[in-house]
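Residue numbers (our numbering): 2 to 192.
Everything below concerns the one structure shown next.
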């Protein structure tokens, strides 16, 4: 029986874009790692990238909050991805919200050249505002997975990232101790 979502191990005369998105602590990177490991098991050429600003766990690995990891290439800009992917069948990109809008064009080029592109990133910032370039990637993706966490306040499904430290910077790299997963009811914006 064929998998309805991914009937082929590799693109058949086409590429595609998959986006895994949601709030912090919802398992985005874990899902990205799961998909990339399966591609590696299938003996596909897999290239994995992360932005150089994200050094929370390791500079040379993508790492989930549950400590799953895969080796990756740290890059400064999305366009750098194109320098490493000529032979790749599958391209994984973590923390997409830390790249600028050029990531959208890069993903289009990769998919147009027949590659499977899997991107993970936050869909909203700590205020609940769409976090570019994820909305643009969602618009062009063939497959979208929205992950939910558990609200630490009430136990409901959480789709928001609550900043629990004081800062008005939109991008503030952090993890537990800086952010929590919250549901719509329990999420609030500090003044």
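Each residue gets a CB set at the ideal place from its N, CA and C atoms; glycine is no exception.
Relative to the alpha-carbon of residue 52, which residue among 30, 44, 60, 76 has its alpha-carbon at the smallest distance?
Nearest C-alpha to residue 52 among 30, 44, 60, 76: 76.
What are the residues that DSSP puts in a beta bridge with residue 72?
Beta-bridge pairing by DSSP links residue 72 to 62.
Give the straight-line distance between the Cα atoms of residue 39 and residue 49, rounded to the nearest whole angstrom.
Their Cα atoms are separated by approximately 13 Å.
Is the stretch 77-90 touching the stretch 124-132, taking contact as three or more C-beta pairs under 8 Å?
Fewer than three pairs of CB atoms, one per stretch, sit closer than 8 Å, so the stretch 77-90 makes no contact with the stretch 124-132.
Roughly how many whole angstroms lie between the Cα atoms of residue 144 and residue 19?
Going by the C-alpha atoms only, they are around 5 Å apart.
Would you mind sorting residue 102 into buried or exposed? The rule is 16 or more other CB atoms within 10 Å of its CB.
Result: exposed.
Just to confirm, are residue 105 and residue 138 a CB contact at a threshold of 8 Å?
Yes, they are a contact pair.
Selection from 99, 173, 34 that minimises the alpha carbon distance to residue 202
The question about residue 202 has no answer, for the chain in this structure spans 2 to 192.
Please classify residue 155: is it buried, with 16 or more other beta-carbons within 10 angstroms of its beta-carbon, or exposed?
Residue 155 is classed as exposed because its beta carbon has fewer than 16 other beta carbons within 10 Å across all chains shown.
Rounded to the nearest angstrom, what separates residue 186 and residue 70 at their Cα positions?
If I take the Cα positions, the gap works out to 33 Å.
In chain order, what residues of the same chain have a beta carbon less than 7 Å from the beta carbon of residue 188, not counting five sequence neighbours either side?
Excluding positions up to five away in sequence, the list reads 129, 161, 163.
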